[in-house]
Each structure stands twice: as C-alpha cells, then as structure tokens.
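300 is the number of the first residue of the sequence shown in my numbering; add one for each residue after it. We treat Cβ as the ideally placed atom computed from N, Cα and C, and that holds for glycine. Below you'll find the structure, written out as structure tokens, and then a few comments.
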Amino acid sequence: MKRLNLIILIILVFTSSCGMKTKQDLTKNYDENKSEILELKNHFNKIVPKDFIIQIRYNSSDNIDFFVYQPMENLDELELLFQQWDLDIDQYVPQNPRSDYDKKYHGITNSFIDVKEKLNWTNQTFIDLYNKLENVNCMGISNGDPTEIEYGFKGMGVFSYLIFDENLNSDLQEKYSDDCSQMFYKENIVLDYGSGATGSFCIPEFKRKKTE
C-alpha cells in the first residue's frame with residue numbers, strides 16, 4: 300500500500316509540475332511568433348505529398364512520434380502507412396517479421412527508409428522541421444485544414460494551435476468555441492487542448508465569460 304501511495308504521489312507531482320503551460324503562454328507565444336508560425340504551417344503543408352496526412356511530435360531533436368497516412372487507390376479514404384512512437388531518426392531498426400494484423404492495424408510498413416523515400420524526405424528534412432518548431436517554441440505538427448501545431452503540455456494534455464487556411468466567419472468562430480477544449484482566438488486561429496490518446500479535455504481557461 301505504501302508503495303502504491305508513493306507511485307500515485309510521484310504521478311501527481313509530475314503532472315502538476317512538469318510542462319504546465321497556460322492559455323496566456325499559448326496566446327503570447329502566437330502573438331510574438333505569428334509570422335514564423337504561419338511560415339511553418341506553409342512549409343509543412345508544402346513538403347507533405349498530396350493527399351497524405353502526417354503527424355509528428357518531437358521528443359528531442361532526433362527522437363519523434365511519427366504517423367503517416369496515405370490515400371487508398373481508387374478510394375476517397377486514407378490508410379495507415381506507418382506509425383512509430385519513440386523513433387530515433389538515426390538508429391531506428393524495424394522489427395521483423397510482421398503479421399497481417401500488424402500490417403492492418405500498425406501500418407502497412409515499418410521501414411522508416413521506405414517511408415522517407417515515399418515522402419521524398421531525408422533525415423535533414425526532420426532536422427530542418429525540428430529547428431522551425433523549436434524557433435517558435437513548439438513541439439509537433441499535423442498537416443491539413445486546419446493544420447495543428449502543438450505548443451506544449453499542461454498536465455496530461457497538450458495545448459495546440461489549429462490554423463485554418465482562411466479567417467473564420469462568425470458561425471465557425473462559434474463552432475470552435477465550446478467552453479471546453481477549443482476556443483476561437485483571432486482571424487484563422489483556434490486554441491485547442493486535448494490528447495490524441497484520450498480525446499479532448501475541458502479546461503476552465505477556455506470557458507467564456509457570460510455577458511449579462
């Protein structure tokens with residue numbers, strides 16, 4: 300029992316003291332780095348092949364969580380091409396052989412080399428992207444409309460910017476302000492708080508003040 304209590308205490312200390320970003324940090328960082336953040340969005344969408352979706356988070360300069368979805372032939376759908384957590388871009392060695400189950404649910408391939416060739420990326424691509432993210436104090440990015448740029452952790456969740464291609468009209472501003480996990484900020488920017496593993500979380504910072 301004492302050991303269990305100690306483990307729980309360690310988890311609570313970790314989640315309460317590590318990576319505690321705030322909404323104020325999130326908005327201040329955007330306002331101070333707006334041009335560079337928008338340039339990062341454009342750069343990433345330019346290097347991702349047409350109809351592919353790529354999600355990448357940097358744990359360090361050479362260690363990433365990496366997910367790649369490719370278009371299915373003759374279908375308006377995507378399939379998981381590759382996924383790997385804690386991938387060392389210089390020393391990753393895939394595990395073989397793979398079962399049909401692995402290929403269906405864990406990615407068609409586990410070859411980092413093959414994926415880089417298909418994307419026309421090199422290790423330098425990952426280094427350059429890391430530097431661009433680091434320059435705006437961010438840690439991850441996913442392409443699309445909106446493009447999602449991950450800013451940092453708050454407890455078990457992650458603060459992100461959702462950056463749309465066009466400014467949001469009043470209906471979309473309302474849609475993306477749910478008093479819970481998303482809040483319209485300005486122009487084409489929505490603030491987001493959530494986790495890919497467990498979904499979205501509600502936080503008080505995104506709750507709008509009611510007007511009388």
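Residue 466 to residue 330 span [Cα, whole Å]:
Here the alpha carbon of residue 466 sits roughly 16 Å from the alpha carbon of residue 330.
When you compare the CB positions of residue 493 and residue 476, do they come within less than 8 Å of one another, or not?
Residue 476 is positioned such that its CB atom lies no closer than 8 Å to that of residue 493.
Counting pairs of Cβ atoms below 8 Å between the region 409–424 and the region 386–393, do you hit three or more?
Here the region 409–424 makes contact with the region 386–393; the two share three or more CB pairs at distances below 8 Å.
Length-filtered (4 minimum) alpha helix (DSSP H) runs lying within the region 319–397:
Counting only runs that start and end inside the region 319–397, the alpha helix (DSSP H) elements of at least 4 residues fall at 322–331 and 333–346.
Test item: CB-CB of residue 500 and residue 490 under 8 Å:
If you check the CB distance, residue 500 and residue 490 do not come in under 8 Å.
Would you report the Cα separation of residue 450 and residue 340, rounded to the nearest angstrom?
Distance between the alpha carbons of residue 450 and residue 340 is about 13 Å.
Alpha helix (DSSP H) segments (min. 4 residues) lying fully within the region 417–468:
Segments of the alpha helix (DSSP H) lying fully in the region 417–468: 422–434.
Alpha-carbon to alpha-carbon, residue 414 and residue 326:
Taken atom to atom, the span from the alpha-carbon of residue 326 to that of residue 414 is near 35 Å.
How would you label residue 453, buried or exposed, when you count the other beta carbons within 10 angstroms and need 16 or more for buried?
Looking at its Cβ environment, which holds 16 or more other Cβ atoms inside 10 Å, residue 453 is buried.
Could you tell me the distance, in whole angstroms, from the CA atom of residue 406 to the CA atom of residue 381?
Distance from the CA atom of residue 406 to the CA atom of residue 381, rounded to whole angstroms, is 4 Å.
To the nearest whole angstrom, what separates the beta carbons of residue 365 and residue 352, a pair I think is in contact under 8 Å?
The beta-carbon distance between residue 365 and residue 352, rounded to whole angstroms, is 12 Å. This is too long to meet the 8 Å contact definition.
Ends of the beta strand (DSSP E) at residue 485?
Taken as a continuous stretch (DSSP letters only), the beta strand (DSSP E) holding residue 485 covers 481–485.
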